[in-house]
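Residue 275 in the numbering used here sits at position 265 of the sequence shown; the count goes up by one each step and never skips.
Just so you know, even glycine gets a beta-carbon here, dropped at the ideal spot from N, CA and C.
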Amino acid sequence: MSVEKIAGHKGLKGPLLLINNRPLYCGIGEYTYSLYNALRQLLGDEVELLSWRGELVERLYSKVRERDILQKFEEAMRVSSQAMFMLKIPKRYALYHVTNSSLSIVARRVKPCVVTVHDLFPFTSPRDLTDYLIRRSVRALEHADSIICVSHSTRNDLLHFLDIDPAMVKVIYEGVNHNLFQPRDKMNSRRILGLPTDKMLVLHVGSEEPRKNIPTLINAFHELQKEVPEATLVRVGEKTTAVQRLINSLELNDKILYFSDVKDLGCFYNASDLFAFPSYSEGFGFPPLQAMASGCPVIASNATSIPEVVGDAGILIDPSDTDDFAHWMHEVHVNEELKSRLIRDGIKRSRAFDWEKCAQETLEVYREVMQ
């Protein structure tokens, strides 16, 4: 194929293989497939993807070189079976890029190898056997030829917990798909989703694992209800039993709408009056970036990587301060000048995060490793 294309990228010496073990619908999966597509625009068939086999991936990414070597196991099963996985990796590539640090052990077998680290949650907030297994795997990062972190926050955690040469750790920000996430008409988006057109809609996107700090979100929304009784909280993600108990205790069942299987996430941002994101810890933070790109005002935590993504384009708050979250949700609702500024600044800020830029900077890492 692309002798001409690859020749235009000095320092690249042959085909590249991205290695992934996460589905498209999670953050790491989104990173992998978005980077893969952007690299293909630059290198064509010189870049291939070894990934989880799944119907959604096959339908959306028909050109992915799928191989039936990763099975849909539970997380611990998948992590513990990495030794078998390594034996299946072809040895004919000029460079390997492992897009999830839980597969860092791959760097022991194939060279040269670049590994992307998204977060250090198994170290910063360990929970169970799965995190123990991931910690063991991530320690294999010392065998990588170069490491990419998706934020300075993640890089700082990495250098704190592991004995890694700082010179080999680069920060490359992720991007956002501006075709999927862009400003659209609010009322039309609500009609498409079947959401009320006469309510204030507060949106949150993400899981309900402890670091997402959903109790603060629910309690802040409960305080907002006292000032804006018509407000509705829209949650995109699964509901846990613990959160349901909190919702019951605050009598908010008819004020919170849950959606777990969404086909057009961008439409939810377009339909909402503001986006609230009180996470204690993020490796990068796709949801606030997607919200800004969609023209939805952002109120977010000031912890870990989130300020790197949001910058001055959103309102950043101590994630433990329920009253402050409630105050600013109300302020954005009643202050049109503030809301307009957040929308304008958020759209502008989001343009700094682009998958083509991410791919170009990643290629620079490849060049350094292959020289």
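Rounding to the nearest angstrom, what Cα-Cα distance links H340 and T164 in this structure?
Position 330 of the sequence shown, counting from 1, holds the residue named residue 340. Position 154 of the sequence shown, counting from 1, holds the residue named residue 164. Approximately 32 Å, taken between the alpha carbons.
Secondary structure at T304, three-state DSSP: helix, strand or coil?
In the sequence shown, counting from the first residue as 1, residue 304 sits at position 294. Here the sequence assigns Ser to residue 304, which means Thr is not the residue at that position. The answer is coil: DSSP assigns S304 none of H, G, I, E or B.
Counted within 10 angstroms of its Cβ, other Cβ atoms place T251 as buried (16 or more) or exposed:
On the sequence shown, residue 251 is found 241 positions in, with the first residue counted as 1. By the neighbour-count rule (16 or more Cβ atoms within 10 Å), T251 is not buried but exposed.
So L113 packs on S147, CB below 8 Å; how close in whole Å?
Along the sequence shown, read from residue 1 onward, the residue named residue 113 stands at position 103. Along the sequence shown, read from residue 1 onward, the residue named residue 147 stands at position 137. Your pair L113 and S147 checks out as a contact, with CB atoms roughly 7 Å apart and the cut at 8 Å.
Please check the pair R351 and N280, which I expect to be a contact at CB under 8 Å, by giving their CB distance rounded to whole angstroms.
Numbered from 1 along the sequence shown, position 341 holds the residue referred to as residue 351. Numbered from 1 along the sequence shown, position 270 holds the residue referred to as residue 280. Contact between R351 and N280 does not hold, since the beta-carbon distance rounds to 19 Å and is not under 8 Å.
Just to confirm, does L211 get its C-beta within under 8 Å of one of the non-hydrogen atoms of the ligand ZN?
Ligands are entirely absent from the displayed structure, and the ligand ZN is therefore not among its contents.
Would you check if the segment 181-189 and the segment 294-309 touch, i.e. whether three or more CB-CB distances between them fall below 8 Å?
yes
Close-in-space but distant-in-sequence residues of the same chain around Q370 (CB under 8 Å, 5 per side omitted)
The residue given as residue 370 occupies position 360 in the sequence shown. Contacts found: L52.
Is the segment 200-219 in contact with the segment 241-251, if contact means three or more CB pairs nearer than 8 Å?
yes
Under 8 Å: do the segment 306-326 and the segment 346-361 share three or more Cβ pairs, one atom per stretch?
yes
Consult DSSP for I257 and reduce its assignment to one of helix, strand or coil.
By one-based count along the sequence shown, residue 257 stands at place 247. Here I257 sits in helix by DSSP.
Work out the CA separation of Y290 and A313 for me, nearest whole Å.
By 1-based counting over the sequence shown, the position of residue 313 is 303. By 1-based counting over the sequence shown, the position of residue 290 is 280. Their backbone Cα atoms lie some 6 Å apart in a straight line.
Got a sec, what are the start and stop residues for the beta strand (DSSP E) Y268 sits in?
Position 258 of the sequence shown holds residue 268. Run containing Y268: 266-269, per the beta strand (DSSP E) assignment.
Do you know how far the Cα of G295 is from the Cα of C36?
Reading the sequence shown from its first residue, position 26 is the one you call residue 36. Reading the sequence shown from its first residue, position 285 is the one you call residue 295. When rounded, the distance between both Cα atoms is 12 Å.
Tell me the rounded alpha-carbon separation between H107 and V116.
The sequence position of residue 107 within the sequence shown is 97, counting from 1. The sequence position of residue 116 within the sequence shown is 106, counting from 1. C-alpha separation (whole angstroms): 10 Å.
Coarse secondary structure for T109, derived from DSSP in three states
In the sequence shown, residue 109 corresponds to position 99, counting from 1. When secondary structure is reduced to three states using DSSP, T109 falls in the coil class, being assigned neither helix nor strand.
Can you find the residues in the same chain that come closer than 8 Å, C-beta to C-beta, to G276, ignoring five residues on each side of it along the sequence?
What you label residue 276 is simply residue 266 of the sequence shown in a count that begins at 1. So the list reads L190, F191, Q192, R194, Q300, S304, once near-sequence residues are dropped.
Between the CA atoms of I99 and R118 - distance to the nearest angstrom:
Working through the sequence shown from its first residue, we reach residue 118 at position 108. Working through the sequence shown from its first residue, we reach residue 99 at position 89. Rounded to whole angstroms, R118 to I99 spans 12 Å at the Cα level.
Under the three-state reduction of DSSP, which class applies to L262: helix, strand or coil?
Taking the sequence shown and counting its residues from 1, the one referred to as residue 262 is at position 252. It is coil, neither helix nor strand.
Can you name the start and end residues of the beta strand (DSSP E) that T126 belongs to?
The residue you call residue 126 lines up with position 116 of the sequence shown. For T126, the enclosing beta strand (DSSP E) has its first and last residue at 123-127.
Within this structure, are the beta carbons of V246 and F231 separated by less than 9 Å?
Numbered from 1 along the sequence shown, position 236 holds the residue referred to as residue 246. Numbered from 1 along the sequence shown, position 221 holds the residue referred to as residue 231. No, these two residues do not count as a Cβ contact at 9 Å.
Using the beta-carbon count (16 or more within 10 Å), is N110 buried or exposed?
The sequence position of residue 110 within the sequence shown is 100, counting from 1. Buried, by the Cβ-count rule.
Is it buried or exposed, A150, if we count other Cβ atoms within 10 angstroms and call 16 or more buried?
Numbered from 1 along the sequence shown, position 140 holds the residue referred to as residue 150. Its Cβ being crowded by 16 or more others within 10 Å, A150 is buried.
Distance, D331 Cα to V379 Cα:
To locate residue 379, count along the sequence shown from 1; it is residue 369. To locate residue 331, count along the sequence shown from 1; it is residue 321. Just so you know, the alpha carbons of V379 and D331 end up roughly 44 Å apart.
Please list, in chain order, all residues of the same chain as R361 whose beta carbon is under 6 Å from its beta carbon, the five residues on each side excluded.
In the sequence shown, counting from the first residue as 1, residue 361 sits at position 351. Nothing meets the Cβ criterion.
Determine whether the beta carbon atoms of F133 and L227 lie at a separation below 9 Å.
By one-based count along the sequence shown, residue 133 stands at place 123. By one-based count along the sequence shown, residue 227 stands at place 217. Their beta carbons are not under 9 Å apart, which means F133 does not touch L227 by this criterion.
Between the Cα of R221 and those of L27, L260, S311, spot the shortest distance and give me the residue it belongs to.
Residue numbering aside, residue 221 sits at position 211 when the sequence shown is read from its first letter. That would be S311, whose Cα lies nearest to the Cα of R221.
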